[in-house]
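**Student:** Encoded as C-alpha cells, here's the structure I'll be asking about.
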DNA sequence: CAATTGGATTATGAATTCATTATTCGTGTC
DNA sequence: GACACGAATAATGAATTCATAATCCAATTG
C-alpha cells in the first residue's frame with residue numbers, strides 16, 4: 001500500500017474558527033448558558049473565545065439561518081425566544097420529519113441496525129423500570145439518532161437536527177408525568193414492532209404521532225412555567 | 001393621531017448588504033446563472049456587486065447553511081450538485097413537509113383562502129386545457145404559496161422554502177409528460193376537495209403523495225439528462 | 001420636576017490589511 | 001518525456017481599521 005492510497009487526514013488542519021465558533025455558540029444556547037431573549041454582543045464572544053469579530057459574525061449569521069438567534073439591523077443578535085406559540089409551531093414540523101425518518105428507516109435499515117435499536121429499546125425499558133429519568137432520556141436520544149442514521153438521508157438529517165435543536169431546549173426543561181412516561185413507553189414498543197416488521201408507512205405514522213403526543217404533554221408545563229415566572 | 005402612534009418605517013434604512021447579497025446570490029443560483037458544480041470565487045462576487053469581501057463571505061455562509069452551496073476548507077464555495085441521488089434525498093423531505101402544509105392548512109385556512117385557492121385551481125384547469133405549461137407552472141406555484149400561508153406556521157414555511165428551492169432547480173428543467181400532467185390535475189382536484197371538506201389528515205396524505213409522484217416522474221428525466229451529457 | 005434634545009459613548013456594518021493555505025508553473029532529474 | 005520538487009502566484013481565513021447607526025446620559029427648558 002503506497003502513501004498515494006491514503007485518505008487525506010482532516011485532523012492535521014484544525015477546522016475553521018467560524019465553524020468551531022458556530023458549534024460552541026450553539027452548545028452555549030442549547031445548554032441554556034445563553035438564555036432565550038438574551039442579547040449577545042459581539043464583544044462578549046470575541047473576549048470569551050479570544051478571536052476577532054470576523055469569524056464571530058459569520059457564526060452568528062449561520063445560527064440565525066438555523067433559527068437559534070434573531071438578528072436585528074444594527075442592533076445585533078438575540079437568542080430566540082421559546083414561547084408556547086413557538087413550540088406549537090416547531091413540534092408539528094419535527095413530527096412530520098420524524099414520520100419520514102420512520103418511513104425511510106423501515107426501508108433502509110440493516111438487520112444489524114434493527115437489532116441494535118432493539119437492544120437500546122430493552123435498555124430503555126430497564127431505565128423506565130428503575131425510574132431513572134436521565135438514563136431514559138439519554139437512551140431515547142440514542143434511539144432517535146440511530147433511527148435517523150438508518151434513514152440514510154443527509155438532507156432529512158440536517159433539517160431534523162435544526163428543528164430538533166430548537167425544540168429540545170424545551171424538552172430538557174419540561175417534566176415528564178408518570179402517566180405520560182408509561183404511555184411513551186408503549187408507543188416506543190409499538191414503534192419497535194413496526195420497525196422490525198419493516199412496515200414503513202405504519203412506522204412513519206407512529207413516530208409522527210409519538211412526537212405530537214410529546215408536544216401535547218409538554219405544552220401545559222411550558223405554559224405554566226412562562227406564566228408562573 | 002400623533003406621530004407617536006406611527007409605525008416605524010423600515011424603508012428608510014436599506015437592508016444590510018449581507019442580506020441583499022444573500023438574496024441576489026440565491027437568485028443567481030436558482031435561475032441557473034451559477035450552475036451546479038461551478039466554483040464561486042469571492043473576488044468574482046465582490047466585483048460583480050461592488051462590495052468588499054466581508055458581506056460576501058457572510059452571505060455565502062448563509063447559503064451554505066441552506067444547502068445551496070458547499071464550502072470546502074481554504075478552497076471556497078461551490079454551487080451544490082443536483083444529482084439524481086440528491087433529488088431522491090430532497091424530495092421525500094419536501095413531501096413530508098408538504099403533507100404537514102396540507103394538514104395545517106385544512107385546520108387554519110379561512111373560508112376566504114379556500115375560495116381563493118379554488119379559483120386558482122379553476123384557472124389552472126383552464127391552463128391545462130389550453131396546454132399552457134408556463135401558466136400552469138405559475139399558478140401551481142401560487143397555489144402552493146397560498147396553502148403555505150394558510151398553514152400559519154413560519155417555521156414550516158422556512159424549512160419548506162429552503163428544501164423547495166433546492167428541488168425547484170430540477171423542477172423547472174424537467175419536462176412534464178402529458179400522462180403525468182393529466183394525473184397531476186386529478187391529484188390537484190382531489191386535494192382541493194379534501195381542502196374544502198377540511199379533512200386535515202387526508203389532505204396531508206394527498207399532498208405528500210402528490211409530491212412523491214412528482215419525484216417519480218422527474219427522476220428518469222433527470223437521470224437521462226445527466227447520463228446523456 | 002418631567003420631558004426633550006444634543007452630544008458622548010458604544011455597538012454594529014463594511015472595507016482594508018495581514019497571514020496562511022492552495023494552486024500554478026517552471027525547472028531539474030531519472 | 002514523465003514525474004517530482006520548489007518557487008511564484010492567487011485564493012481563502014482572520015484581524016484590524018474605518019464608517020455609521022443606536023444607546024446612554026447630562027443639560028436645558030417648559
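Protein chains in written order, with full-length UniProt numbering: chain D, 1 to 229; chain A, 1 to 229. All residues carry an ideal CB built from backbone N, CA and C; glycine is no exception.
#1: For residue 100/A and residue 148/A, which I take to be in contact (beta-carbon distance under 8 Å), what is that distance rounded to the nearest angstrom?
#2: Could you tell me which whole beta strand (DSSP E) segments of length 3 or greater appear in the stretch 48–77 of chain A?
#3: Quick check: the Cα distance between residue 96/A and residue 139/D, rounded to an integer number of angstroms?
#4: Quick check: is the beta carbon of residue 209/A nearer than 8 Å to any beta carbon in chain D?
#5: Take residue 57/A as the anchor and find which of 129/D, 18/D and 158/D has the nearest alpha-carbon.
#6: Any Cβ of chain D within less than 8 Å of the Cβ of residue 18/A?
#7: Tell me whether the stretch 50–65 of chain D and the stretch 87–95 of chain D touch, counting them as touching only if at least three CB pairs, one residue from each stretch, are closer than 8 Å.
#8: Under the three-state reduction of DSSP, which class applies to residue 35/D: helix, strand or coil?
#9: For a minimum of 3 consecutive residues, which ranges assigned as the beta strand (DSSP E) are wholly contained in the stretch 85–113 of chain D?
#10: Closest Cβ-Cβ distance between residue 96/A and chain D: below 8 Å?
#11: Measure the C-alpha to C-alpha separation of residue 207/A and residue 217/A and round it to an integer number of angstroms.
#12: Just to confirm, is the Cβ distance from residue 68/A to residue 166/A under 8 Å?
#13: Pull up the distance between the alpha-carbon of residue 189/D and that of residue 170/D, whole angstroms please.
#14: Let me know if residue 214/D comes out buried or exposed under the rule of 16 or more other beta-carbons within 10 Å of its beta-carbon.
#15: Should residue 155/A be flagged as near chain D, meaning a C-beta pair shorter than 8 Å?
#16: If you follow the alpha helix (DSSP H) that residue 27/D is part of, which residue opens it and which one closes it?
#17: List the endpoints of the continuous alpha helix (DSSP H) containing residue 186/D.
#18: Against chain D, does residue 36/A count as a neighbour if the rule is that its beta carbon must be under 8 Å from one of theirs?
#19: Give a yes or no on whether the C-beta atoms belonging to residue 127/D and residue 200/D are separated by under 8 Å.
#20: Rounded to a whole number of angstroms, what is the C-alpha to C-alpha distance between residue 42/A and residue 53/A?
#21: Say whether chain A places a C-beta atom closer than 8 Å to the C-beta of residue 73/D.
#22: Using a Cβ-Cβ cut-off of 8 Å, state whether residue 195/D counts as contacting chain A.
#23: Are the Cβ atoms of residue 211/A and residue 137/A separated by less than 8 Å?
#24: Under 7 Å between beta-carbons, which chain D residues line up against residue 99/A? List them in chain order, please.
#25: Below 8 Å between beta carbons: does that hold for residue 154/D and residue 89/A?
#26: Would the beta-carbon of residue 79/A fall within 8 Å of that of residue 117/A?
#27: With a cut-off of 8 Å, does the C-beta of residue 198/D fall near any C-beta of chain A?
#28: Considering Cα atoms alone, identify which of 27/A, 50/A and 205/A is closest to residue 63/A.
#29: Could you list which residues in chain D have their beta carbon closer than 7 Å to that of residue 65/A, in chain order?
#30: Hey, residue 203/D and residue 102/D are a contact pair by Cβ (cut 8 Å); roughly how many whole angstroms apart?
#31: Please list, in chain order, all residues of the same chain as residue 163/A whose beta carbon is under 7 Å from its beta carbon, the five residues on each side excluded.
#32: Hey, would you say residue 186/A sits closer than 8 Å to residue 65/D, going by beta carbons?
#33: Only counting the same chain, and skipping five residues up and downstream in sequence, which positions put a Cβ closer than 8 Å to that of residue 143/D?
#34: Compute the Euclidean distance between the alpha carbons of residue 150/D and residue 129/D, then round it to the nearest angstrom.
**Tutor:** Taking the definition as stated:
#1: Along the second chain, one-based indexing puts residue 100/A at 100. Along the second chain, one-based indexing puts residue 148/A at 148. Not quite, the Cβ-Cβ distance comes to about 10 Å (not below 8 Å), so this is no contact.
#2: 69–72
#3: Numbered from 1 along the second chain, position 96 holds the residue referred to as residue 96/A. Numbered from 1 along the first chain, position 139 holds the residue referred to as residue 139/D. Cα to Cα, residue 96/A sits roughly 26 Å from residue 139/D.
#4: As a working mapping, residue 209/A is identified with position 209 in the second chain. So, not an interface residue.
#5: Taking the first residue of the second chain as 1, we reach residue 57/A at position 57. Residue 18/D is the option with its Cα nearest to residue 57/A.
#6: Counting from one through the second chain, the residue named residue 18/A turns up at place 18. For residue 18/A, the answer is yes, since a Cβ of chain D falls inside 8 Å of its Cβ.
#7: no
#8: Looking up residue 35/D in the first chain gives position 35. Residue state, collapsed to three classes: coil.
#9: none
#10: Within the second chain, residue 96/A is the residue found at index 96, counting from 1. So, interface residue.
#11: As a position in the second chain, residue 207/A is number 207, starting the count at 1. As a position in the second chain, residue 217/A is number 217, starting the count at 1. Each residue's alpha carbon lies about 15 Å from the other.
#12: As a position in the second chain, residue 68/A is number 68, starting the count at 1. As a position in the second chain, residue 166/A is number 166, starting the count at 1. For residue 68/A and residue 166/A, yes; Cβs fall inside 8 Å.
#13: Walking along the first chain from the start, residue 189/D turns up at place 189. Walking along the first chain from the start, residue 170/D turns up at place 170. If you take the alpha carbons of residue 189/D and residue 170/D, they lie about 24 Å apart.
#14: Sequence index remark: in the first chain, residue 214/D carries index 214 (1-based). Burial call: buried.
#15: On the second chain, position 155 is the one that residue 155/A refers to. Closer than 8 Å: yes.
#16: For this step, residue 27/D is matched to residue 27 along the first chain. Its alpha helix (DSSP H) spans residues 17–30.
#17: Residue mapping note: residue 186/D aligns to position 186 of the first chain, counting from 1. First-last of the alpha helix (DSSP H) with residue 186/D: 178–196.
#18: Position 36 of the second chain holds residue 36/A. No, residue 36/A does not count as interfacial toward chain D.
#19: Reading the first chain from its first residue, position 127 is the one you call residue 127/D. Reading the first chain from its first residue, position 200 is the one you call residue 200/D. No, these two residues do not count as a Cβ contact at 8 Å.
#20: On the second chain, residue 42/A is found 42 positions in, with the first residue counted as 1. On the second chain, residue 53/A is found 53 positions in, with the first residue counted as 1. Answer to the nearest angstrom: the Cα atoms are 7 Å apart.
#21: Translated into positions along the first chain, residue 73/D becomes position 73. Cβ-Cβ to chain A under 8 Å: yes for residue 73/D.
#22: One-based indexing of the first chain puts residue 195/D at position 195. So no, residue 195/D is outside the interface.
#23: As a first step, residue 211/A must be located in the second chain, where it is residue number 211. As a first step, residue 137/A must be located in the second chain, where it is residue number 137. No, Cβ-Cβ distance for residue 211/A and residue 137/A is not below 8 Å.
#24: Here residue 99/A corresponds to residue number 99 of the second chain, with the count starting at 1. The contacting residues are 96.
#25: Taking the first chain and counting its residues from 1, one reaches residue 154/D at position 154. Taking the second chain and counting its residues from 1, one reaches residue 89/A at position 89. Yes.
#26: Position 79 of the second chain holds residue 79/A. Position 117 of the second chain holds residue 117/A. Not in contact: residue 79/A and residue 117/A (Cβ atoms no closer than 8 Å).
#27: On the first chain, position 198 is the one that residue 198/D refers to. False, the Cβ-Cβ gap to chain A never drops below 8 Å.
#28: Counting from 1 along the second chain, the entry for residue 63/A is found at position 63. Per the Cα distances, 27/A.
#29: Counting from 1 along the second chain, the entry for residue 65/A is found at position 65. Those within 7 Å of residue 65/A in chain D are 62, 65 and 66.
#30: As a first step, residue 203/D is located in the first chain; it is residue number 203 there, counting from the start. As a first step, residue 102/D is located in the first chain; it is residue number 102 there, counting from the start. About 4 Å separates the two Cβ atoms, so the contact holds.
#31: The sequence position of residue 163/A within the second chain is 163, counting from 1. Contacts found: 90, 93, 94 and 97.
#32: Taking the second chain and counting its residues from 1, the one referred to as residue 186/A is at position 186. Taking the first chain and counting its residues from 1, the one referred to as residue 65/D is at position 65. No, they are not a contact pair.
#33: The residue labelled residue 143/D in the question sits at position 143 within the first chain. Contacts found: 117, 120, 121, 124 and 188.
#34: In the first chain, residue 150/D corresponds to position 150, counting from 1. In the first chain, residue 129/D corresponds to position 129, counting from 1. Approximately 27 Å between the Cα atoms of the pair.
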